[in-house]
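Here's the structure we're looking at; comments come further down.
In the numbering used here, the protein residues as written are 386 to 776.
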């Protein structure tokens, strides 16, 4: 747009264009926008034809957003990705878009607890018929799938806290036969270690807060898929809800993702070493790389490695002892989330959440996420923790 004016008010508001000739940067620019400017009235009137991929308003994304979406699409060998404000938002958007009043939703009993909270409160109030199933027992899925009525099956593999690995190809085959779509939370593995779309999953959700962001300083999520009709439906749902993401957060993830492969490789290798050591010390370790782990064979078949997150299962260990064991840690920090540069530990219980899977009030868990600190310092912490727990 060419504006010729000597009026101070105008020249302060409308900057002259700067030539980009000869400029090339390795960094992706941060494009911030609410209003998207159109070249003429006709283009503005036809702006709806730009959806779902084009630029119509800042809420629907900017080139910074699209760059991150394209990178995730490439990592997953997918067709499309959508950036959303959190991993939880990715999952709830999928559920809102795919399941309506009177329809049936099946959720694996070991998923991230806020997903279950959303289903039993918000979706239940909308008249969605929601049910939990044990993803480690295909017979339970067979018994609860309702051909024609079940619209979505949702799994998380490995399961949140308790680390169960799903037989995703087998679950996907059952979903196809019954006419249900299959969604999967793939945050633990990222697309670097597992590509659920290639295993038969229809929609993948990930919390970019974790390994992609990588520095514990942002919250962001993604929906990744192949089906373009579903893609348009999810875009439409997000637009109707008024959901958008910050290009600054997208820029931070674009920076974090550059080292994601290195960080996961390091944390995964260290987690395997520590898991074997902790098991030898006498602790019950839930880590897919251990031959004693119930999902070990499925992990070997479907995953290309492990990340730095695993759990310890404690039986009849007093809460005060767990607190003493964790309070004496010096390098690990205590907190929620994982996947950043710092090593994080959190005490967990699942007995109050589980309905379709066995859970005991006598059992508790310690979830560990390994970061980038010295292996010697981390192991010193874990040895001290083990000494307290095993007394």
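We put the beta carbon where it would ideally sit given N, CA and C, even for glycine. No experiment lies behind these values; they were computed from the predicted model shown.
Residue 662: first and last residue of the uninterrupted alpha helix (DSSP H) it sits in = 645 to 666
message = Can you look up residue 513 in the DSSP assignment and give me helix, strand or coil?
response = coil
query = Hey, out of 758, 601 and 556, whose CA is closest to residue 541's CA?
reply = 556
ask   = Grouping DSSP H, G and I as helix and E and B as strand, with all else coil, what is residue 407?
value = coil
task = Determine the extent of the beta strand (DSSP E) in which residue 608 is found, giving its start and end residues.
result = 606 to 610
ask   = Under the DSSP definition of a beta bridge, which residues are partnered with residue 669?
value = 698
task = Can you give me the Cβ contacts of residue 669 inside the same chain, cut-off strictly under 8 Å, excluding the 5 residues immediately before and after it?
result = 697, 698, 699 and 700
request  = Identify the continuous beta strand (DSSP E) that holds residue 535 and give its terminal residues.
outcome  = 535 to 541
inquiry  = I'd like the ranges of any alpha helix (DSSP H) spanning at least 4 consecutive residues and lying wholly in the stretch 519 to 603.
reply    = 523 to 529, 553 to 563 and 575 to 578
Exposure of residue 460, with buried meaning 16 or more beta-carbon neighbours within 10 Å = buried
query = In terms of alpha-carbon separation, which member of 763, 602 and 609 lies closest to residue 570?
reply = 609
inquiry  = Please report the straight-line C-alpha distance between residue 413 and residue 454, rounded to a whole angstrom.
reply    = 13 Å
task = Report the three-state DSSP secondary structure of residue 476 (helix, strand or coil).
result = helix
ask   = Helix, strand or coil for residue 384 per DSSP?
value = Because residue 384 is not part of the residues shown, which for the chain are 386 to 776, the question remains open.
query = Is residue 625 helix, strand or coil by DSSP?
reply = helix
key: Nearest neighbour of residue 583, chosen from 574, 425, 462 and 437 [CA to CA]   = 462
message = I need the boundaries of the alpha helix (DSSP H) containing residue 398, first residue and last residue.
response = 393 to 398
ask   = Between residue 550 and the rest of its own chain, which residues show a CB-CB distance below 7 Å, the 5 nearest in sequence each way excluded?
value = 542, 543, 673, 680, 683 and 684
query = Leaving out five residues before and five after residue 745 in sequence, what residues of the same chain have Cβ atoms less than 7 Å from its Cβ?
reply = 736
task = Within its chain, find whatever has a CB closer than 7 Å to the CB of residue 580; leave out the 5 residues flanking it on each side and keep chain order.
result = 461 and 462
message = If you reduce the DSSP assignment to three classes, tell me which class residue 637 lands in.
response = helix
ask   = Alpha carbon to alpha carbon, what distance is there between residue 505 and residue 785?
value = Lying outside 386 to 776, the shown extent of the chain, residue 785 is not represented and no answer is given.
query = Grouping DSSP H, G and I as helix and E and B as strand, with all else coil, what is residue 616?
reply = helix
inquiry  = I need the DSSP call for residue 461, collapsed to helix, strand or coil.
reply    = helix
inquiry  = Quick check on DSSP: helix, strand or coil for residue 732?
reply    = strand
ask   = In terms of alpha-carbon separation, which member of 426, 482, 763 and 474 lies closest to residue 628?
value = 474
key: DSSP bridge partner residues for residue 754 (one or two, in chain order)   = 694 and 729
request  = Could you tell me whether the stretch 616 to 631 touches the stretch 516 to 529, using the rule of 3 or more Cβ pairs below 8 Å?
outcome  = no
key: Among 538, 595, 659 and 671, nearest to residue 721 - alpha-carbon criterion   = 595
ask   = How big is the Cα-Cα spacing for residue 632 and residue 450?
value = 6 Å
ask   = Which residues in the same chain as residue 432 place their Cβ atom closer than 6 Å to its Cβ, once the five residues preceding and following it in sequence are excluded?
value = 441
key: Contact set for residue 533: own chain, Cβ-Cβ below 8 Å, skip 5 residues either direction   = 563 and 564
request  = Determine contact between the stretch 756 to 775 and the stretch 709 to 726, defined as no fewer than three beta-carbon pairs at a distance below 8 Å.
outcome  = yes
inquiry  = Applying the 10 Å Cβ sphere with the 16-neighbour rule, what's the burial state of residue 575?
reply    = buried
request  = Alpha carbon to alpha carbon, how far is residue 466 from residue 419? Give it in angstroms, no decimals.
outcome  = 21 Å
inquiry  = Considering only DSSP beta bridges, list what residue 489 is partnered with.
reply    = 514 and 535
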